[in-house]
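Heads up, the thing below is written out as structure tokens.
Protein chains: 2
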Amino acid sequence: MQEIFKRILPGITPIEKERRELKIIADLLLERINSFAKQFQVKGVLVGSAARDTWISGEHDIDLFILFPETANRKTLETTGLDIARKVLFDADKIEERYAEHPYLHGMMNSYKIDVVPCFNIKDTKNIKSAVDRTPHHNNFVKKYIKTCEKDVRLAKQFLKAAGIYGSELRTHGFSGYLTELLIIHYGSFEALLKASLRWKPCTTIDIKKHATHKHGDPLVVIDPTDPKRNVAAALSLDNMCRFIDIARNFLKNPCTEYFSKPARKLVYQEEIEQLFHRRGTELIGITFHKPCIVEDTLYPQLEKMRNAVEKLLTRHDFRIINSNYIVLNADIYLIFELFETKLPMVKKHIGPPVWLKDNAEKFKAKYHKKSGNLSYIYIKDGKYTLNIQRVYTTPTSLFQSELLTCGLGKHITQIIKQDGFSTLSDHELFAIEHPEFRTFLYHLLTHKQDS
Amino acid sequence: MQEIFKRILPGITPIEKERRELKIIADLLLERINSFAKQFQVKGVLVGSAARDTWISGEHDIDLFILFPETANRKTLETTGLDIARKVLFDADKIEERYAEHPYLHGMMNSYKIDVVPCFNIKDTKNIKSAVDRTPHHNNFVKKYIKTCEKDVRLAKQFLKAAGIYGSELRTHGFSGYLTELLIIHYGSFEALLKASLRWKPCTTIDIKKHATHKHGDPLVVIDPTDPKRNVAAALSLDNMCRFIDIARNFLKNPCTEYFSKPARKLVYQEEIEQLFHRRGTELIGITFHKPCIVEDTLYPQLEKMRNAVEKLLTRHDFRIINSNYIVLNADIYLIFELFETKLPMVKKHIGPPVWLKDNAEKFKAKYHKKSGNLSYIYIKDGKYTLNIQRVYTTPTSLFQSELLTCGLGKHITQIIKQDGFSTLSDHELFAIEHPEFRTFLYHLLTHKQDS
Chain A
1 MQEIFKRILP
11 GITPIEKERR
21 ELKIIADLLL
31 ERINSFAKQF
41 QVKGVLVGSA
51 ARDTWISGEH
61 DIDLFILFPE
71 TANRKTLETT
81 GLDIARKVLF
91 DADKIEERYA
101 EHPYLHGMMN
111 SYKIDVVPCF
121 NIKDTKNIKS
131 AVDRTPHHNN
141 FVKKYIKTCE
151 KDVRLAKQFL
161 KAAGIYGSEL
171 RTHGFSGYLT
181 ELLIIHYGSF
191 EALLKASLRW
201 KPCTTIDIKK
211 HATHKHGDPL
221 VVIDPTDPKR
231 NVAAALSLDN
241 MCRFIDIARN
251 FLKNPCTEYF
261 SKPARKLVYQ
271 EEIEQLFHRR
281 GTELIGITFH
291 KPCIVEDTLY
301 PQLEKMRNAV
311 EKLLTRHDFR
321 IINSNYIVLN
331 ADIYLIFELF
341 ETKLPMVKKH
351 IGPPVWLKDN
361 AEKFKAKYHK
371 KSGNLSYIYI
381 KDGKYTLNIQ
391 RVYTTPTSLF
401 QSELLTCGLG
411 KHITQIIKQD
421 GFSTLSDHEL
431 FAIEHPEFRT
441 FLYHLLTHKQ
451 DS
Chain E
1 MQEIFKRILP
11 GITPIEKERR
21 ELKIIADLLL
31 ERINSFAKQF
41 QVKGVLVGSA
51 ARDTWISGEH
61 DIDLFILFPE
71 TANRKTLETT
81 GLDIARKVLF
91 DADKIEERYA
101 EHPYLHGMMN
111 SYKIDVVPCF
121 NIKDTKNIKS
131 AVDRTPHHNN
141 FVKKYIKTCE
151 KDVRLAKQFL
161 KAAGIYGSEL
171 RTHGFSGYLT
181 ELLIIHYGSF
191 EALLKASLRW
201 KPCTTIDIKK
211 HATHKHGDPL
221 VVIDPTDPKR
231 NVAAALSLDN
241 MCRFIDIARN
251 FLKNPCTEYF
261 SKPARKLVYQ
271 EEIEQLFHRR
281 GTELIGITFH
291 KPCIVEDTLY
301 PQLEKMRNAV
311 EKLLTRHDFR
321 IINSNYIVLN
331 ADIYLIFELF
341 ETKLPMVKKH
351 IGPPVWLKDN
361 AEKFKAKYHK
371 KSGNLSYIYI
381 KDGKYTLNIQ
391 RVYTTPTSLF
401 QSELLTCGLG
411 KHITQIIKQD
421 GFSTLSDHEL
431 FAIEHPEFRT
441 FLYHLLTHKQ
451 DS
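Structure (structure tokens):
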């Protein structure tokens, strides 16, 4: 195994030249922040993997924090913070205002991705005012305890990336950088982490400082050494924890370098998809609409929400779902469902009140007695008046036409669909989309190949 | 309402000539039993509606019990009892040995249905040895307390019969004769019973003697005045109790004589059925096989069991059932299911062990990894290894061919199907069955018209 690590490390460890270049830019920007030190009582710090030497060669992220005094007021921090950030990034190639709990600036400079984030300089994490205030504390903790394990963090990150489970954002529900670092600190090495993961099960708890104050119901619980209330692994999904266990088990059984590189994207032909689809005997239905002009961090949670909402809508109307997924392709979004059926019988069971509740029973009878469109007499089943009525939606297409907009979509998706509309796509229409990435996406949907 | 009752009563009250005829036969048979009194210490008693004057004109049932001393042994009772019964019915038209807890004799004589049942003459019902030992006690209680309410019992029985909910056997799950009599004794009249039923709800308890010793979870609880442990209404189903409430409510709102006669059987045409079926958009599948040569009391519980077992079988294999029923037509039985679909996709989700259970996980992977016939990769869902495999049965026909005999049918139905086989029938084949009773049955299945 150590042999494999030795072969991987050179590819992921930044070389001296790369480090120097990053340091030059980081130092320059820090100096710029600190030029406002006297005027606003602020201080610049480099945080993140660049500060901790846990970044992977080729990654060009620089995270700079502007620390404001604990006593500063929030409004000042937000406006002055952004002002300073703008001056710091005055010569950047591209600048964008982004939002966490408060606004910060994102820019590109010599192909480096740079975040300049204002925060409060809080001594005790008990008093933090904003989630980002924790970051400098994380930085200090990792720098102090990581010792010589930076290479293990790099191996772990690369391993997680190749498995498609690195990143704590909503789109991934995976392992964040800080979580990876804490796991390495706790277990001492990447090999030890791999071996330890084989004993993980839901609710496994790691509490480096033994100071937890809360119970967490998450699949993996890693108590923040800088904040006893917080689970650093809260964003990690059960399935991604399990994927890690699964891949770790495979790797330990048969270590090889492939675990550190993403598999080459398989080229999928239309005939292959159609054959697969034919063998499965299922039905496909797609919804497509324009991509709203919002950043990924806003878009993906809304897509996740939409997928869940439409799944519930379909289930509520008796369609049985096998799988679903979405893809953003240039300016369009495709949300696809694989279903048992796309045509339901007209008949729908309608269950009324219990027979012994006189008032409800009489109202029900008055409403449905000999109503045109009834598909049965009123009968008694399990003590309740019941009858067969006409189903309103016998196809997903008619269901979507009437109820998609009201089933609980996100704000921006609702807006764009209201504005530009949406289309439904049949299996044939989906197969006809001539885009290699879309074909791979369909292939993954039909084969349940884990996206990685 | 009393007006309606007055119009109904003459049709259901036995006239003097009818009573006299019944008495002559009953007395004759009692004398025959009592001719063995000395030899075997037995005594004959007339029980049932004939003894209590609660029978309906036209009904010709005579229930005679041969009381053996409490101290007699069971074997003697069974053999001597049957011997006596055979001698009592020596000149009957047709004799049949039947079984309750022990054997008894059923015979026809001048178009009277006669049961001759041996039982123990138990003083205290606490000591009864066989369920039938209670009958003489029921007889005494009803005779003592029914007073002048015989006409109310007749009205109630006729009302229940017209609604199709009279009879406690498994086929009906309705109101027994004794239950009907107790309800009249408790409420004082048929009108009072109707009105009281509007306040019934599940677990309503009637305890005439206020001596209940057990909790019962049945829909209606009527404690046996001769046995504090027993619920006389145990066989009554929730739905039949509710049907009574429903019909009582309708009758009280608009009393008319129709409630005392079964509706004329509707004549149904093939086109009508096909139209109905087309409107519902569902699928039908039938199973037909020869009727085993067993009495109804044995056949119907087995049919009920078969219907439940096949419903479970279909549900377990992802077919969705809308309704089901069976009919015995001459020498054949038909069991019909109305389904959402008769064709399922090939794909079937197969859920394996949780990822963190190493041994199970490895067994599962060894079994399914790259297995031919897999319809997906192994993926992780809700913490468990999952994959799509080929469904074994995509149609009910193939499911029945392989699993009908092993899904838990009754003894005699299993025998006859093993011996003669069974056929499945498609919708077209079902519609082509040219039998008015079968058409009415299909019409009821598709419209949920309550069989009455």
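Just so you know, the protein sequences line up as chains A and E, in that order.
Sequential numbering from 1 applies to the first sequence in full-length UniProt numbering.
Sequential numbering from 1 applies to the second sequence in full-length UniProt numbering.
All residues carry an ideal CB built from backbone N, CA and C; glycine is no exception.
Values in this document were obtained by computation on a predicted structure and should not be read as measured data.
Along the chain, which unbroken stretches of the alpha helix (DSSP H) at least 4 residues long are found entirely within the region 207-257 of chain A? DSSP runs (the alpha helix (DSSP H)) wholly in the region 207-257 of chain A: 238-253.
Starting from the N-terminal side, write out each stretch of the beta strand (DSSP E) that is 3 residues or longer and does not extend beyond the UniProt domain "Polymerase nucleotidyl transferase" (38-136) of chain E. List check, beta strand (DSSP E) in window: 43-47, 61-69, 94-99, 103-109 and 112-121.
If you reduce the DSSP assignment to three classes, tell me which class Gln390 of chain E lands in. Three-state result, Gln390 of chain E: strand.
Sheet register partners of Phe175 of chain A (DSSP bridge): Under DSSP, the beta-bridge partners assigned to Phe175 of chain A are A:Tyr166.
Give a yes or no on whether the C-beta atoms belonging to residue 515 of chain A and Tyr393 of chain A are separated by under 8 Å. With chain A represented from 1 up to 452, any question about residue 515 of chain A goes unanswered, as that position is not in the structure.
Does any C-beta atom of chain E lie closer than 8 Å to the C-beta of His448 of chain A? Chain E, which has a Cβ nearer than 8 Å to the Cβ of His448 of chain A, makes this yes.
For Thr282 of chain E and chain A, any beta-carbon pair shorter than 8 Å? Taking CB atoms only, Thr282 of chain E has a neighbour in chain A less than 8 Å away.
Do you know whose CA, among A:Lys384, A:Asp427 and A:Val232, lies nearest Glu362 of chain A's CA? Each of A:Lys384, A:Asp427 and A:Val232 was checked against the Cα of Glu362 of chain A, and the nearest Cα belongs to A:Lys384.
Ile24 of chain A touches chain E at which residues, Cβ-Cβ below 8 Å? Residues of chain E passing the Cβ test: none, with the nearest at roughly 44 Å.
Examine chain A for any beta-carbon lying closer than 8 Å to the beta-carbon of Asp152 of chain E, and answer yes or no. In terms of beta-carbon proximity, Asp152 of chain E stays away from the interface with chain A, with every pair separated by 8 Å or more.
Partners in chain E for Val355 of chain A, counting only beta-carbon separations shorter than 7 Å: Those are Cys242, Ile245 and Asp246, listed as they occur along chain E.
Sub-8 Å separation of Ile322 of chain E and Thr282 of chain E beta-carbons: By the CB criterion at 8 Å, Ile322 of chain E and Thr282 of chain E fall inside the cutoff.
Cβ neighbours of Arg265 of chain E in the same chain (closer than 7 Å, five flanking residues each side left out): Within the same chain, Arg265 of chain E has close Cβ partners Thr440.
Same chain, Cβ closer than 7 Å to Phe159 of chain E, five either side skipped, listed in chain order: Sequence-distant partners of Phe159 of chain E (beyond 5 residues in either direction) whose C-beta falls short of 7 Å from its own C-beta, in its chain, are Tyr259 and Phe260.
I need the DSSP call for Ser452 of chain E, collapsed to helix, strand or coil. Bear in mind that the predicted position of Ser452 of chain E carries a pLDDT of just 40, short of 50, making it unreliable; the figure below should be weighed with that in mind. Here Ser452 of chain E carries a coil assignment [DSSP, helix/strand/coil].
Can you give me, in chain order, the residues of the region 194-222 of chain A that have a beta carbon less than 7 Å from any beta carbon in chain E? Correct list: Leu198, Trp200, Lys201 and Pro202.
I need the DSSP call for Asn323 of chain A, collapsed to helix, strand or coil. Looking at Asn323 of chain A - three-state DSSP - the assignment turns out to be strand.
In whole angstroms, give me the CA-to-CA distance for Thr298 of chain E and Lys411 of chain E. So the alpha carbons of these two residues sit roughly 10 Å apart.
Can you check whether the C-beta of Phe340 of chain E is within less than 8 Å of a C-beta belonging to chain A? With its beta carbon less than 8 Å from one in chain A, Phe340 of chain E belongs to the interface.
Relative to the C-alpha of Ile351 of chain A, which residue among A:Tyr377, A:Thr342, A:Thr205 and A:Glu341 is closest? Checked all of A:Tyr377, A:Thr342, A:Thr205 and A:Glu341; the closest Cα to Ile351 of chain A is A:Tyr377.
Report the residue from E:Ile95, E:Cys293 and E:Cys119 whose alpha carbon sits nearest the alpha carbon of Leu46 of chain E. The shortest C-alpha to C-alpha distance from Leu46 of chain E to any of E:Ile95, E:Cys293 and E:Cys119 is the one to E:Cys119.
Backbone CA spacing between Ala309 of chain E and Leu404 of chain E [nearest angstrom]: One alpha carbon belongs to Ala309 of chain E, the other to Leu404 of chain E, and they sit about 9 Å apart.
Identify the continuous alpha helix (DSSP H) that holds Val310 of chain A and give its terminal residues. Per DSSP, Val310 of chain A belongs to the alpha helix (DSSP H) from Glu296 to Arg316.
8 Å contact criterion, which His186 of chain A and Ile165 of chain A should meet: CB distance rounded: Between the beta-carbon of His186 of chain A and that of Ile165 of chain A there is about 18 Å, and that puts the pair past the 8 Å contact cut.
Return the Cβ separation of Asp239 of chain A and Asn231 of chain A in integer angstroms, given the expectation that the two are a contact with Cβ distance under 8 Å. At roughly 17 Å, the Cβ-Cβ gap does not stay under 8 Å, so Asp239 of chain A and Asn231 of chain A are not in contact.
Establish whether the CB of Arg279 of chain A and some CB of chain E are separated by less than 8 Å. When Cβ-Cβ separations below 8 Å define contact, Arg279 of chain A makes contact with chain E.
Please compile the residues from chain E whose C-beta is within a distance smaller than 7 Å of the C-beta of Tyr269 of chain A. Neighbours of Tyr269 of chain A in chain E, taken as residues whose beta carbon is under 7 Å from its own, are absent, since the nearest beta carbon is some 18 Å off.
Measuring CB to CB, does Gln302 of chain E end up less than 8 Å from Ile413 of chain E? It is a contact, given that the beta carbons lie within the stated cut-off.
For a contact defined as C-beta to C-beta under 7 Å, what are the partners of Ser376 of chain A on chain E? Taking a Cβ-Cβ cut-off of 7 Å, the neighbours of Ser376 of chain A in chain E comprise Thr447 and His448, given in sequence order.
Strictly under 8 Å for the Cβ-Cβ distance: is Asp227 of chain A near chain E by that measure? No, no contact with chain E.
Amino acids of chain E, ordered along the chain, whose beta-carbon sits closer than 7 Å to that of Val347 of chain A: Going along chain E in sequence order, the residues near Val347 of chain A (Cβ under 7 Å) are Arg280, Gly281, Thr282 and Ile322.
Residues near Asp61 of chain E in its chain [Cβ-Cβ closer than 6 Å; skip 5 each side]: Excluding positions up to five away in sequence, the list reads Lys113.
From A:Glu296, A:Phe337, A:Ile327 and A:Leu9, pick the residue whose C-alpha is nearest to that of Leu313 of chain A; which is it? For the residues A:Glu296, A:Phe337, A:Ile327 and A:Leu9, the minimum Cα distance to Leu313 of chain A belongs to A:Phe337.
On the three-state DSSP scale, how would you describe Pro10 of chain A? Three-state result, Pro10 of chain A: helix.
Proximal residues, the region 380-411 of chain E versus chain A, C-beta separation under 9 Å: Per Cβ criterion, the list reads Ile380, Lys381, Asp382, Gly383, Lys384, Tyr385, Thr386, Leu387, Asn388, Gln390, Arg391 and Thr394.
Does chain A have any CB closer than 8 Å to the CB of Asp239 of chain E? Chain A contact via Cβ: present.
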